[in-house]
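Which chain is which? The protein sequence lines are A and B, in order.
Residues 6 to 250 in our numbering are what the first sequence spells out, letter by letter.
Residues 4 to 303 in our numbering are what the second sequence spells out, letter by letter.
For glycine and all other residues, C-beta sits at the position ideal for the given N, C-alpha and C.
A short write-up of the structure that comes next.
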Amino acid sequence: MATAIQVREATKKFTLRHTRSIKELVVWTFRGRRSELASNTFNALDAVSFTVREGEAIGLLGFNGSGKSTMLKLMSGVMLPDSGSVLVRGRVAGLIEVGAGFHPDLTGRENVYLNGAILGMSEAEIDAKFDEIVAFSEIEKFIDTEVKFYSSGMFLRLAFSVASHTEPDIFLIDEILAVGDEPFQRKCLARIATLREMGLTLVIVSHDLEMIQRVCDRGIVLERGHAVFDGALTDAVAHLRGGPQ
Amino acid sequence: MRGPAPVPSGTEPGLVAPGRSAGLLDVARWRFLLSLLVKKELRVRYRGSALGLLWSYVKPAVQLAVFYVAMGKFLGLERDLPNFVIYLFSGIVVVNFFSEVFNNTTKSIVLNADLVKKIYMPRELFPVASVQVALVHLVPQVVVLVVASLAMGWRPGLLNLAAGVGAFALTGLTALGIGLVFSAVNVYFRDAENLVELILSMATWLSPVLYKWDLVMHALSTPLWVLYQLNPITVAVELAHYGFWAPSARVAEKFATAPYPPVPHEMAWWTLAAVGVSTGLVLVGQLVFRRLEGRFAQEL
């Protein structure tokens, strides 16, 4: 199988305190202390390397602040690594956050088109999948209602439905199944299984270890920006649970 | 600043670095999303408004009527410049268009922070969408201008029409160019928005909107006059004068004997220079934008 995602020595730094005023910047620059402005940095990711093959489903595990979401953002291209490289094959799409790109003043229908286009679908693709997307979300009756009147559950259904129908080559999922009721969660998991059968590569971030064990077969554990474990998901979960709290 | 080389040597073919685009050149490929962003923007702006876009016809029409009475009649500015209201309004429409594009592009990335932080797409889409929204708002103003011009005996030739269109093209390009720079800088320093307001408060006075160009030529030394004329917005205002005001009734007769023509001499050369300057601004804007966009997601 060909490589779908290749991460080599990827490092991402964040500046903790950052000046927001031009005056400060100018003053510090003239005093030759500009480097101190950026001195307060930490590595959200520190020389992380791994390779994902096409069709694999991997879970990124770790506690809060371990760098999981940053890793997803590097894969999606929202952020660029400070050093090292992150390379992908084909179209990347996903739910970095539920409903990013949904606008409350637009109707469900308009949001399907807007969000589909944001995730890289063409007009013809959305036209072709529109009915399927609406049917999956089970909100046919409200599709022409403005999204601000939706309940959070309806919102989530539509958002997941659009994203999971974009059928990219690599699908990134960040904590989306935390919301939603039991039946819909089951439906989402079934949909994810279908996507796997279609050969998509999946990268999932979640704190729900039970759920992630049902979807993924390989796990990478991140700890304060370092990849500390890479292997079978059950072992990864054991590592995480047995590791330092 | 732009991060490491996109693809290290010795990697499998077909692997690419995500998050890199061809910038403005990629916008055409994303035109479907662009059209939806424009629609969204317009929808959001006119939510809950019964008259909707109709308001953008009412406002310039009322403005024009007030100018006609107050400045043309009361202040008597019509005596020196026949159809003064057209002279004034054609310049104002250009400056309004510039203001809207510059203002909206500057804010476009910060206002779309939610998207920029979470999903990758060529970020140039947001400033370009702002230009398109401004174009939609330009239409009513141009309609009011054309109707008023016709009422003032407007008889344009082909060159006048071309100048009218060129005025807005030049304005849009210039505003997009500096808007790209400001939208990117605004992510890092919100001071940019204040700077934009400052620039816009001067824009009307830095171009011959409220006065005639020969006053400036007399007041300034030649190098400063050239500098004044190198401002593409100045040339755009003069082109608008040439397009809408110059071919209206009584202007030609009045200026047949006047020492200076309605628009500066060598207008073709000034236009050419302005096209060069505005194209250069778009190129610089794109370069600065690309240099800064790598850190948008973490700075917002």
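Ile123 of chain A: contacting residues in chain B (beta-carbon distance under 8 Å): Leu36, Leu118, Ile122 and Met124
Cβ-Cβ distance between Leu124 of chain A and Thr199 of chain A below 8 Å: no
Excluding sequence positions up to five away, which residues of its chain have a Cβ less than 6 Å from the Cβ of Pro7 of chain B? Low local confidence applies: a pLDDT of 45 at Pro7 of chain B is under 50, so the model's placement there is unreliable, and no value is given.
Does the beta-carbon distance from Thr8 of chain A to Thr56 of chain A come in below 8 Å? yes
Since Gly288 of chain B is in the alpha helix (DSSP H), which residue starts that stretch and which ends it? Met270 to Glu296
C-alpha gap between Lys146 of chain A and Pro235 of chain B, whole angstroms: 53 Å
Between the stretch 58–85 of chain A and chain B, which residues of the former have a C-beta closer than 7 Å to a C-beta of the latter? Lys78, Met80, Ser81, Gly82, Val83, Met84 and Leu85
Taking just the CA atoms, how far does Arg158 of chain B sit from Thr252 of chain B? Note on identity: in this sequence residue 252 of chain B is Ala, with Thr being the wrong assignment. Taking the straight line from one Cα to the other gives about 8 Å.
Taking just the CA atoms, how far does Pro86 of chain A sit from Val53 of chain A? 11 Å
Assign His268 of chain B to buried or exposed, taking buried as 16 or more other Cβ atoms, counted over all protein chains shown, within 10 Å of its Cβ. exposed
Classification of Ile10 of chain A by the beta-carbon crowding that lies within 10 angstroms, buried from 16 upward: buried
Since I believe Val199 of chain B is in contact with Thr109 of chain B (beta carbons under 8 Å), could you give me their beta-carbon distance rounded to a whole number of angstroms? 5 Å
For the stretch 39–52 of chain B, list every residue whose C-beta sits within 7 Å of some C-beta in chain A, in sequence order. Leu39, Lys43, Arg46, Val47 and Arg50
Using a Cβ-Cβ cut-off of 8 Å, state whether Pro63 of chain B counts as contacting chain A. no
Per-residue contacts from Glu15 of chain B into chain A (C-beta, under 9 Å): Ala7, Thr8, Gln11, Leu92 and Arg94
Taking 8 Å as the CB-CB limit, is Gly297 of chain B close to chain A? yes
Is the CB-CB distance between Glu102 of chain A and Asp179 of chain A below 8 Å? yes
Contact set between His108 of chain A and chain B, taken where Cβ atoms lie within less than 8 Å: Lys43 and Val47
Using a beta-carbon distance below 8 Å, is Ala237 of chain A in contact with chain B? no
Taking a cut of 7 Å between CB atoms, which residues from the stretch 275–302 of chain B lie near chain A? Gly297, Ala300 and Gln301
Please confirm if the stretch 128–140 of chain B is in contact with the stretch 151–169 of chain B, defined as three or more CB-CB distances below 8 Å between the two stretches. no
For Phe177 of chain B, which three-state DSSP category applies? In the sequence as presented, Phe is not what sits at residue 177 of chain B; that position holds Thr. In this structure, Thr177 of chain B counts as helix in the three-state DSSP scheme.
Contact set between the stretch 150–168 of chain B and chain A, restricted to residues whose Cβ is under 8 Å from the partner: none
Over the uninterrupted alpha helix (DSSP H) stretch that includes Asp240 of chain A, give me the two end residues. Leu238 to Gly247
heavy atom of the ligand NAP below 7 Å from Leu179 of chain B C-beta: By its list of ligands, the structure shown contains no ligand whatsoever, and the ligand NAP lies outside what it can speak to.
State yes or no: is the beta carbon of Leu18 of chain B nearer than 8 Å to at least one beta carbon in chain A? yes
Using only alpha-carbon positions, find the residue among A:Leu119, A:Gly89 and A:Gly70 that is nearest to Val210 of chain A. A:Gly70
Check whether the stretch 274–288 of chain B touches the stretch 161–179 of chain B, counting contact only when three or more Cβ pairs, one atom from each stretch, lie closer than 8 Å. yes
Under the assumption that Ile89 of chain B contacts Val190 of chain B (Cβ atoms under 8 Å), give the Cβ distance between them as a whole number of angstroms. At roughly 41 Å, the Cβ-Cβ gap does not stay under 8 Å, so Ile89 of chain B and Val190 of chain B are not in contact.
Spell out whether any CB of chain B is found under 8 Å from the CB atom of Val167 of chain A. no
Spatial distance of Ser24 of chain B from Val83 of chain A (CA atoms): 12 Å
Continuous beta strand (DSSP E) stretch holding Phe176 of chain A: start and end: Ile175 to Asp179
Where Thr253 of chain A falls, given that 16 or more other Cβ within 10 Å makes a residue buried: A question about residue 253 of chain A goes unanswered here, because the residues of chain A that appear run from 6 up to 250.
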